[in-house]
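Input: a single structure, listed below in structure tokens.
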């Protein structure tokens with residue numbers, strides 16, 4: 014039986030009303046972690062690069078597994094207005110902030126941050142967008158994924174009401190070093206989300222080794238530069254003063270925890286008396302057991318010879334102490350399924 018079929022049985026309220034996702038900075042499309050439960054997902058992506066946004070919408074017209082999926086060609090921010098987007102040689106590092114070359118030039122590959130053009134793009138605050146009848150968005154938001162190369166805090170500030178009242182989890186890119194001039198850092202994002210009732214659960218770290226060790230990066234640990242941070246609301250923590258308003262929101266919290274392999278937390282909260290009265294605890298437990306079996310099958314996450322060779326290379330590198338590339342990071346953030 015497909016995992017999404019089991020998910021439909023376990024999460025009945027979500028099966029009726031949908032699991033609502035916002036992907037802010039969705040170049041390349043919605044993250045494949047949601048494929049596992051695609052028939053349950055109502056997703057909206059924000060991609061200010063009009064050419065990329067058009068490509069994404071054309072792609073989903075021909076083939077999509079999701080309950081609903083659309084991409085909107087504007088950015089999010091603290092207030093409504095217009096803001097310059099600096100287009101870099103590598104599109105994935107384009108940002109509303111100017112690259113901090115005094116830092117970047119100390120590492121290999123800095124030319125990918127060369128600004129080749131700029132454009133003015135419309136920016137809206139999410140709290141305002143959700144009240145605009147002319148913009149088709151889900152009635153409420155369960156999960157936000159934000160990767161906008163430095164402007165994440167401004168987007169969160171423009172979504173403060175939504176974060177407090179609706180969202181149960183946020184994945185956000187955070188920087189520990191200023192890749193862009195005057196950008197906020199991890200400590201700023203962490204403080205804001207903590208004030209909105211979220212708890213930091215996971216960080217996937219990315220480290221860079223400087224140019225002077227580019228030829229033998231495996232001999233140096235490198236500097237922690239940026240990462241992806243997962244924040245979740247914990248209804249069992251009395252300090253958060255938050256509790257799901259209904260069965261669908263409780264199921265959304267449990268489901269997103271499972272998708273990030275937080276099976277212990279998912280089962281803990283689904284068994285808590287007040288939440289157990291809202292959800293089908295037995296079906297959720299069965300889903301977690303079946304899912305865990307899929308994840309733990311021998312070599313189940315190595316699907317090709319190329320992946321096997323990469324695994325071998327990284328194993329050899331571990332013996333030599335560090336991975337053989339100047340840019341490296343943790344590999345256990347998302348589900349392996």
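In the numbering used here, the protein residues as written are 14 to 350. Beta carbons: idealized from backbone N, C-alpha and C, even for Gly. Predicted model, so just to flag it, every value in this text is computed and none were measured.
Is it right to say residue 264 is buried, meaning 16 or more other beta carbons lie within 10 angstroms of its own, or is it exposed? Under this definition residue 264 is a buried residue.
I'd like the list of long-range same chain contacts for residue 107, defined as Cβ closer than 7 Å, with 5 residues on each side in sequence excluded. Here the set comprises 98, 99, 100, 101 and 162.
Hey, out of 44, 26, 25 and 278, whose CA is closest to residue 34's CA? Distance check between residue 34 and each of 44, 26, 25 and 278 places 44 closest, using alpha-carbon atoms only.
By alpha-carbon positions, which one of 214, 302 and 266 ends up nearest to residue 185? Each of 214, 302 and 266 was checked against the Cα of residue 185, and the nearest Cα belongs to 214.
Would you mind giving the Cβ-Cβ distance between residue 134 and residue 95, rounded to the nearest angstrom? I have them listed as a contact below 8 Å. About 7 Å separates the CB atoms of residue 134 and residue 95; that is less than 8 Å, so the two are in contact.
The stretch 192-202 in contact with the stretch 74-86 per 3-pair CB rule at 8 Å: Note that the stretch 192-202 does not touch the stretch 74-86; fewer than 3 beta-carbon pairs, one per stretch, sit closer than 8 Å.
Start-to-end residues for the beta strand (DSSP E) that takes in residue 109: Element bounds for residue 109: n/a, residue is neither H nor E.
Could you tell me whether the stretch 249-262 touches the stretch 22-34, using the rule of 3 or more Cβ pairs below 8 Å? Under the 8 Å Cβ criterion, the stretch 249-262 counts as touching the stretch 22-34, having at least three qualifying pairs.
State buried or exposed for residue 63, treating a residue as buried only when at least 16 other CB atoms are found within 10 Å of its CB. By the neighbour-count definition (other C-beta atoms within 10 Å, threshold 16), residue 63 is an exposed residue.
For residue 216 and residue 235, believed in contact at Cβ under 8 Å, the rounded distance: 16 Å between Cβ atoms; not a contact.
Quick one: using the 10 Å Cβ neighbour count with 16 as the cut-off for buried, is residue 58 buried or exposed? Counting Cβ neighbours within 10 Å, residue 58 comes out buried, since at least 16 surround it.
Decide if the stretch 163-178 is in contact with the stretch 82-94; the criterion is three or more beta carbon pairs, one per stretch, under 8 Å apart. Contact between the stretch 163-178 and the stretch 82-94 is established, with three or more Cβ pairs separated by less than 8 Å.
Residue of 294, 122 and 248 minimising C-alpha distance to residue 340: The option with the nearest alpha carbon to residue 340 is 122.
Would you report the Cα separation of residue 343 and residue 26, rounded to the nearest angstrom? Using only the alpha carbons, I get a separation of about 34 Å.
In its own chain, which residues sit with a C-beta less than 8 Å from the C-beta of residue 17, not counting the 5 before and 5 after it? Contacts found: 49, 50, 51, 52 and 53.
Can you name, in chain order, every residue of its own chain whose Cβ lies under 7 Å from the Cβ of residue 294, other than the five neighbours on each side? The answer, listed in chain order, is 283 and 284.
Let me make sure I understand the geometry here. Which of 221, 174, 159 and 302 has the alpha-carbon closest to that of residue 38? The shortest Cα separation from residue 38 among 221, 174, 159 and 302 belongs to 159.
By the three-class DSSP mapping on this structure, what secondary structure does residue 24 have? Under the three-state reduction of DSSP, residue 24 is assigned to coil, being neither helix nor strand.
May I ask which residues mark the beginning and end of the alpha helix (DSSP H) holding residue 286? For residue 286, the uninterrupted alpha helix (DSSP H) run begins and ends at 286-289, by DSSP.
Meets three-Cβ-pair contact criterion under 8 Å: the stretch 179-194 and the stretch 298-309: No, the stretch 179-194 does not touch the stretch 298-309.
To the nearest angstrom, how far is it from the Cα of residue 278 to the Cα of residue 117? Straight-line Cα distance between these residues: approximately 38 Å.
Going along the chain, which residues of its own chain have a beta-carbon closer than 8 Å to the beta-carbon of residue 243, five neighbours each way excluded? Excluding residues within five positions, the ones whose Cβ falls inside 8 Å are 182, 183, 184, 213, 214, 215, 216, 273 and 346.
At which residues does the alpha helix (DSSP H) containing residue 175 begin and terminate? Start and end: 173-178.
Going straight from the alpha carbon of residue 115 to that of residue 266, what length do you get? If you take the alpha carbons of residue 115 and residue 266, they lie about 41 Å apart.
Pop quiz: residue 83 and residue 70 are said to be a contact at Cβ under 8 Å. What is the actual Cβ separation, rounded to whole angstroms? With a beta-carbon spacing of about 7 Å, residue 83 and residue 70 fall inside the 8 Å limit used to define contacts.
Quick test of your reading: residue 268 and residue 120, contact by CB under 8 Å. State the CB separation rounded to the nearest angstrom. About 38 Å separates the Cβ atoms of residue 268 and residue 120, ruling out a contact at the 8 Å cut-off.
Looking at C-alpha atoms only, which residue of 253, 289, 218 and 104 is the closest neighbour of residue 129? Ranked by Cα distance from residue 129, the options 253, 289, 218 and 104 are led by 104.
Note down the Cα distance separating residue 252 from residue 179, rounded to an integer number of angstroms. Here the alpha carbons of residue 179 and residue 252 stand approximately 18 Å from one another.
Through-space distance from residue 174 to residue 147, alpha-carbon basis: Looking at the backbone, the Cα of residue 147 and that of residue 174 are separated by about 20 Å.
Can you give the beta carbon distance from residue 210 to residue 254, rounded, assuming they're within the 8 Å contact cut? Cβ atoms of residue 210 and residue 254 come within 8 Å of each other, at about 7 Å.
Tell me the DSSP secondary structure of residue 312 in three-state form. With a pLDDT of 48 at residue 312, under the threshold of 50, the modelled position of that residue is not reliable, and the figure given next carries that caveat. Assigned with DSSP and collapsed to three states, residue 312 falls in coil, not helix or strand.
I'd like the span of the alpha helix (DSSP H) that includes residue 210, first residue to last. In the DSSP annotation of this structure, residue 210 is not part of any alpha helix (DSSP H), being labelled neither H nor E.
Cutting at 6 Å between CB atoms, please list the residues of its own chain near residue 227, excluding the five before and the five after it. Around residue 227, the same chain offers 121 and 339 as residues with beta carbons nearer than 6 Å, after the five sequence neighbours per side are excluded.
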